[in-house]
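Comments concern the structure below.
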Amino acid sequence: MLERSDKAALSLRTVQVLDYRLKREGFNTGLGLKGRIKQTTFQPYLSPILKYSSNINGGNPEKPLVLGGNSFTGQPHLIKKKGVVIGAGIGTSGRSLYGRGKYLNMNIDASYAHSPAHHIGIATLSASACAKNYLKDLWHLDVCGSTQRTHKDITDQNSGHFSLSAVRLFASAPFTHHHATVGVKRYFATSYIQNQLTFGIETIHNNGLFSEISATLGEPLENTLVTRKSLSGSLKMQAWGKPLMTSAGYSAAKGGKLFGVDWDEKTTSFNVTYQLFSSVTLGVGYTITDSTIDYYDVSEPNFKLRLTAIEL
156 MLERSDKAAL SLRTVQVLDY RLKREGFNTG LGLKGRIKQT TFQPYLSPIL
206 KYSSNINGGN PEKPLVLGGN SFTGQPHLIK KKGVVIGAGI GTSGRSLYGR
256 GKYLNMNIDA SYAHSPAHHI GIATLSASAC AKNYLKDLWH LDVCGSTQRT
306 HKDITDQNSG HFSLSAVRLF ASAPFTHHHA TVGVKRYFAT SYIQNQLTFG
356 IETIHNNGLF SEISATLGEP LENTLVTRKS LSGSLKMQAW GKPLMTSAGY
406 SAAKGGKLFG VDWDEKTTSF NVTYQLFSSV TLGVGYTITD STIDYYDVSE
456 PNFKLRLTAI EL
């Protein structure tokens, strides 16, 4: 934005926005305009939920498990259930400034989504925090962590992470700006802990498009199915005057064993989201999982209607 000021005068409104954003990132003087912002802020919210779930209860596929010529049939009450779930989440997001170019983003959320068809639901608790630290010459250091617990009728799963990332901001051409990251992550699942390397780059293109590419490399774990590599990308643009995002992802998981049989998986996903109205965004997509154990093969659509959170 400042780059554009070399050729055109910025409006007062633009200067005010830039001044506010700089102050929100810990640069107290901003662009020199009067006024200060609070060092610590919290914003409670209520978030409606309306989406399709392919496994509401945490159950098993509705087909026999075949291993080495032997066939196993699961109990009917343990079969996974699909359908639309409706509910809401309540939480609060916050930010605390603690130095020049240094601030902490925080979020705590609790939600429940109920299935009218099956009379069961999904309860989720989550919390995250990320410390953003400006170093110098457009270098930053991010220290982040998260935890989440998801309770379903059959399963109760925990996950979380702690990550350390180096961030570099740069421009490759006039009006083309990048946000590049490389980092290490310690991922915590219910039954294992894995170390990962992460890479990512976000780009604002000179034609107004926004793109994002991220990749992960995970360490192997003995007799445990874990993500060894993943790649995802997204592209955001304006279509018919409203935001449109397309995204795709690929991941390969290896190392699993089930009764002595090797268990590997490859998953591909495609998604499109479009803002129907100012407060309503529709998301549709498709996921395909190809497993060396056919019992875990997946090929199914997904659907989500996201309603803008209500600030309390």
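Each residue of the sequence shown is one higher than the one before, counting from 156 in my numbering. In this text, a Cβ means the ideal position worked out from N, Cα and C, and glycines have one as well.
In this structure, what does DSSP give as the bridge partners for residue i?
i	result
Lys391	Phe365, Met400
Arg420	First, the residue type needs correcting, since residue 420 is Glu and not Arg in the sequence shown. DSSP lists Ala408, Ser446 as partners of Glu420.
Asn378	In DSSP, Asn378 forms no bridge with anything.
Ile275	Ser270
Lys260	Note on identity: in this sequence residue 260 is Asn, with Lys being the wrong assignment. Bridge partners of Asn260: Arg250, Cys285.
Ile465	Leu201
Lys384	Leu372, Ala407
Can you tell me where the beta strand (DSSP E) holding residue i begins and where it ends?
i	result
Gln198	195 to 208
Phe354	348 to 359
Lys459	453 to 462
Thr331	331 to 343
Ser248	238 to 254
Leu220	220 to 222
Ser434	Careful: Ser434 lies outside any beta strand (DSSP E) and carries neither H nor E.
For residue i, count neighbouring C-beta atoms within 10 Å of its own C-beta (all shown protein chains included) and say buried if the count is 16 or more, exposed if not.
i	result
Thr353	buried
Val337	exposed
Tyr347	exposed
Tyr441	exposed
Leu290	exposed
His295	buried
Tyr258	buried
Arg250	buried
Ala326	exposed
Ser266	buried
Gln351	buried
Inset, instruction - For the region 268 to 277 and the region 218 to 228, state whether three or more C-beta atom pairs, one from each stretch, are separated by less than 8 Å. - result: no
Inset, instruction - Say whether the region 386 to 393 touches the region 353 to 366, bearing in mind that this needs 3 or more beta-carbon pairs closer than 8 Å, one atom from each stretch. - result: yes
Legend entry - Given 8 Å, three or more beta-carbon pairs between the region 398 to 405 and the region 423 to 440: yes
Legend entry - 4-residue-minimum alpha helix (DSSP H) runs that sit fully inside the region 286 to 315, ordered along the chain: none
Inset, instruction - Check whether the region 291 to 303 touches the region 315 to 325, taking contact to mean three or more Cβ pairs, one atom from each stretch, closer than 8 Å. - result: yes
Legend entry - Touching by the beta-carbon criterion (3+ pairs, under 8 Å), the region 194 to 206 and the region 419 to 432: no
Inset, instruction - Count the CB pairs spanning the region 376 to 383 and the region 400 to 416 that are closer than 8 Å, and state whether there are at least three. - result: yes
Inset, instruction - State whether the region 233 to 245 contacts the region 198 to 205, with contact taken as three or more CB pairs (one from each stretch) at a distance under 8 Å. - result: yes
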